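Residue numbers (this note's numbering): 163 to 322. Just so you know, even glycine gets a beta-carbon here, dropped at the ideal spot from N, CA and C. From a predicted model like this one, the values you see are computed outputs, not experimental measurements.
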């Protein structure tokens, strides 16, 4: 199973719209995971319409209609794993620890955003993966799940 993680698109602040390359990639994977700071609802709907399956949370910079449409925290079951989704907030220091406290049941892995930096780390037995900022530099993560194991590949796509 192949997932595309996208965070911090910041449309229309950083980008006028989502580039065709991201939409094409979204169509090729099994699941698209949106991790907040899309800014506008049209961006969320465009990502969702390109995806076979779509899971998403809102971010701190999203407009009210996005926050009304998407949760702050979500737990989903994918490929035999409990997966937590959360954008994050505040300074980058201790962000993983703050996010982890939001989940009553500790997930196997948490996909998050906010910091604009790619991350693949482990805290207290939970793996954390952040795709970085798509809007700032085209950063995404491709996550492959096979037999409850994760393989992560960070990519940079053209953003113009």
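Answer with buried or exposed for residue i, where buried requires no fewer than 16 other C-beta atoms within 10 angstroms of its C-beta.
i           : result
residue 226 : exposed
residue 273 : buried
residue 230 : exposed
residue 264 : exposed
residue 174 : exposed
residue 311 : exposed
residue 301 : buried
residue 287 : exposed
residue 233 : exposed
Taking just the CA atoms, how far does residue j sit from residue i?
i           : j           : result
residue 249 : residue 165 : 17 Å
residue 186 : residue 321 : 13 Å
residue 191 : residue 213 : 8 Å
residue 253 : residue 210 : 29 Å
residue 251 : residue 308 : 31 Å
residue 257 : residue 182 : 32 Å
residue 205 : residue 176 : 12 Å
residue 280 : residue 170 : 12 Å
residue 277 : residue 299 : 13 Å
residue 289 : residue 242 : 15 Å
residue 271 : residue 178 : 32 Å
residue 193 : residue 260 : 26 Å
residue 266 : residue 167 : 23 Å
residue 255 : residue 284 : 15 Å
residue 318 : residue 184 : 10 Å
residue 188 : residue 262 : 27 Å
residue 201 : residue 215 : 21 Å
residue 163 : residue 235 : 22 Å
Might you give, ordered along the chain, the residues of its own chain that have their beta carbon closer than 7 Å to the beta carbon of residue i, omitting 5 neighbours on each side?
i           : result
residue 314 : 282, 291, 303, 305
residue 269 : 237, 244, 245, 246, 288
residue 219 : 197, 198, 232, 233, 234, 235, 236, 247, 248, 249
Can you name, in chain order, every residue of its own chain whose Cβ lies under 6 Å from the Cβ of residue i, other than the five neighbours on each side?
i           : result
residue 238 : 217, 245
residue 316 : 280, 303
Which residue or residues does DSSP assign as beta-bridge partners of residue i?
i           : result
residue 303 : 167, 316
residue 240 : 243
residue 193 : 165
residue 288 : 285
residue 311 : 308
residue 273 : 247, 291
Between residue i and the ligand PLP, is the CB less than 7 Å from at least one heavy atom?
i           : result
residue 167 : As far as ligands go, the structure on display features none, and thus does not contain the ligand PLP.
Quick one: measure Cβ to Cβ for residue i and residue j, integer angstroms, because I've assumed they're closer than 8 Å.
i           : j           : result
residue 228 : residue 203 : 5 Å
residue 297 : residue 221 : So it is not a contact: roughly 11 Å between Cβ atoms.
Beta-carbon within less than 8 Å of residue i's beta-carbon, same chain only, minus the 5 sequence neighbours each way: which residues are those?
i           : result
residue 180 : 171, 173, 205, 208, 209
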